[in-house]
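Colleague:
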Amino acid sequence: MDVLWRPEHDHNVRPALEQGDIYRPDVLEAIEAKIDGMNQELRDLSLNIHSHPETLYKEVHAHDTYTAFMRARGFAVADFPDMPTAWCATFSHGSGGPVLGVNSEMDALPGIGHACGHNLIGIAGVAVACAVKAAMEKFDISGEVVLLGTPAEEDCSGKVKLLEIGAYKDMDACLMCHPAPGPLHSISLSSSFALVRYIVEYSGHSAHAALSPWEGQNALDAAVLAYTNISVLRQQLKPTNRVHGIFSGQNWAPNIIPDNARMEWIVRAKTTADARSTAKRVVACFEAAATATGCEVKITEVASAHELRQNATLAEELRNVVRRRYGEIDYEWGIHSASTDFGHVTYAMPALHPGFSIPSVPDGGNHTPGFTAAAATEVAHDATLVVSKALAAVGARVLTDEGFLMKAKASFEEDKKARGAPL
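Residue numbers for the sequence shown follow full-length UniProt numbering, so the first one is 1 and each next one is one higher.
1. Any idea what DSSP makes of W252, helix, strand or coil?
2. Can you say whether M406 is buried or exposed, counting buried as having 16 or more other CB atoms within 10 angstroms of its CB?
3. Taking C130 as part of the alpha helix (DSSP H), name the residues at either end of that continuous run.
4. Compute the Euclidean distance between the alpha carbons of T55 and A108, then round it to the nearest angstrom.
5. Since M70 is in the beta strand (DSSP E), which residue starts that stretch and which ends it?
6. Going by DSSP in three states, H50 sits in which element: helix, strand or coil?
7. What number of angstroms, rounded off, separates the C-alpha of E317 from the C-alpha of S203?
8. Using a Cβ-Cβ cutoff of less than 8 Å, which residues in the same chain neighbour V283 once the five nearest sequence positions on both sides are dropped?
9. Among A62, R71 and K133, which has the Cα closest to the Cα of R33?
10. Given this structure, state the Cα-to-Cα distance separating A408 from D170, to the nearest angstrom.
11. Would you say A292 and M263 are within 8 Å of each other, going by their C-beta atoms?
12. Please classify N218: is it buried, with 16 or more other beta-carbons within 10 angstroms of its beta-carbon, or exposed?
13. For R234, which residues in the same chain have their Cβ closer than 7 Å to its Cβ, ignoring the five residues on either side in sequence?
14. Buried or exposed: where does F265 fall if 16 or more other Cβ atoms within 10 Å of its Cβ makes it buried?
15. For S360 and D44, I'd like the C-alpha separation in whole angstroms.
16. Which runs of the alpha helix (DSSP H), 4 residues or longer, sit entirely within the stretch 158-182?
17. Which residue marks the beginning of the beta strand (DSSP E) containing R309, and which one marks its end?
18. Can you check whether the CB of V321 is closer than 8 Å to the CB of F139?
19. Just to confirm, are W87 and H63 a CB contact at a threshold of 8 Å?
20. Tell me whether L233 sits in a helix, a strand or coil according to DSSP, three-state version.
21. Exposed or buried, which one is V387 when buried takes at least 16 other CB atoms within 10 Å?
22. Just checking my contact of E41 with S190 at CB under 8 Å: how many whole Å lie between their CB atoms?
23. For a test of the three-state rule: what should DSSP assign to V3, helix, strand or coil?
24. Cβ of T278 within 8 Å of Cβ of L308?
25. Measure how close the beta-carbons of T372 and H178 come, nearest whole angstrom, since I'm counting them as under 8 Å.
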């Protein structure tokens with residue numbers, strides 16, 4: 001596989017910076033030098049996390065590994081009592097100044113490990129925070145950088161809970177990134193889908209399936225009907241909308257009318273408003289299946305995620321740094337049809353969440369074994385360091401350019417008016 005950026009295979013060979021093309025070239029050079037100098041330790045950290053996959057809210061090894069790493073590099077580390085695997089690493093310098101937030105995700109997927117590349121997202125957050133810290137110290141930049149270790153992204157709940165408990169409340173802006181398959185040498189500023197997730201439980205009455213089936217209310221039939229209802233509904237949905245789910249049950253047997261069935265469903269659309277509108281129609285499918293079978297139904301919304309709202313000012317700065325220094329920007333690839341709890345962060349403050357492409361096998365996109373393998377390759381590591389440098393440059397400008405930060409906040413308020421209040 002080819003590498004994602006040029007010049008190939010050498011982190012320390014870079015084209016000369018052109019004065020005037022990039023804000024504070026001296027700061028970017030310090031950022032690049034710091035991340036290049038951390039290359040091997042970041043690689044070791046990534047492979048360590050990759051080889052110890054942990055699912056949502058069980059990221060104990062990742063928590064301990066990341067917090068030890070950040071503490072050894074001069075960050076103050078704290079935990080969140082209500083979220084045992086979440087953590088916060090903070091560095092302050094000087095007096096006052098803005099607060100820059102950065103996120104590192106940690107969780108893996110059941111059975112297929114780091115098939116969404118969260119090991120790469122984790123080290124990207126570390127690289128950005130450490131590089132910004134180095135620049136703050138070298139150039140006497142006042143401010144604070146806060147790296148959050150965020151659990152349970154895969155069910156879109158970790159960052160939402162961290163927002164609720166105030167982990168983001170002091171941040172002026174927040175940054176992170178995410179890998180995906182796509183064209184080489186590309187960093188993406190696409191959005192993502194909003195999401196609503198449900199658990200649906202049908203309760204019926206068991207009976208002998210041959211001797212007296214009329215005595216039963218078949219909860220499995222209810223689940224099958226709900227699945228069929230939604231399949232029919234898809235014909236009337238927008239091409240961009242997504243509805244997908246599974247069902248299961250306890251103590252099922254072919255000679256017993258099942259008295260229980262459990263379903264998990266996800267509704268996605270380009271905006272939160274559209275996702276909520278579609279979700280109402282999906283809920284009607286659940287309810288209709290209960291009515292038809294005589295079963296009781298319990299419908300519980302367990303998670304939601306807003307679409308990504310890339311801050312226009314932060315995005316333009318990233319675009320400028322990337323195109324002048326590292327490669328290309330696109331607005332199509334990334335995680336445009338996936339969802340992330342970072343969408344809630346973009347609704348709360350100026351925030352940026354670029355995607356970056358890593359090579360994978362055919363049909364080996366996110367959430368496949370092929371992507372698990374891709375997330376451990378050296379080329380994926382190289383790509384992670386490139387986007388980390390660009391993000392750190394954006395973060396350094398947040399801390400050093402008051403006018404730029406004010407513009408980013410104004411962009412956030414303009415977008416807030418355009419999208420309206422979340423439903």
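Cβ coordinates follow ideal geometry from the N, Cα and C atoms, glycine included.
Modeller: Short version:
1. coil
2. exposed
3. H118 to F139
4. 5 Å
5. Unbroken run through M70 is the alpha helix (DSSP H), V60 to A72; no beta strand (DSSP E).
6. helix
7. 54 Å
8. Y198 and I299
9. The sequence given here places Ala at residue 33; Arg does not occur at that position. The residue with the shortest Cα to Cα distance from A33 is K133.
10. 16 Å
11. no
12. buried
13. V243
14. The residue you asked about is not Phe; residue 265 is Trp in the sequence shown. Looking at its Cβ environment, which holds 16 or more other Cβ atoms inside 10 Å, W265 is buried.
15. 21 Å
16. 158-164
17. Here R309 belongs to no beta strand (DSSP E), and DSSP marks it neither H nor E.
18. no
19. yes
20. helix
21. buried
22. So it is not a contact: roughly 31 Å between Cβ atoms.
23. Since pLDDT at V3 reaches only 30, below the 50 mark, its modelled position is unreliable, and the value read off the structure follows with that caveat. Note: V3 maps to coil in three-state DSSP.
24. no
25. No, T372 and H178 are not in contact; Cβ-Cβ is about 15 Å, not under 8 Å.
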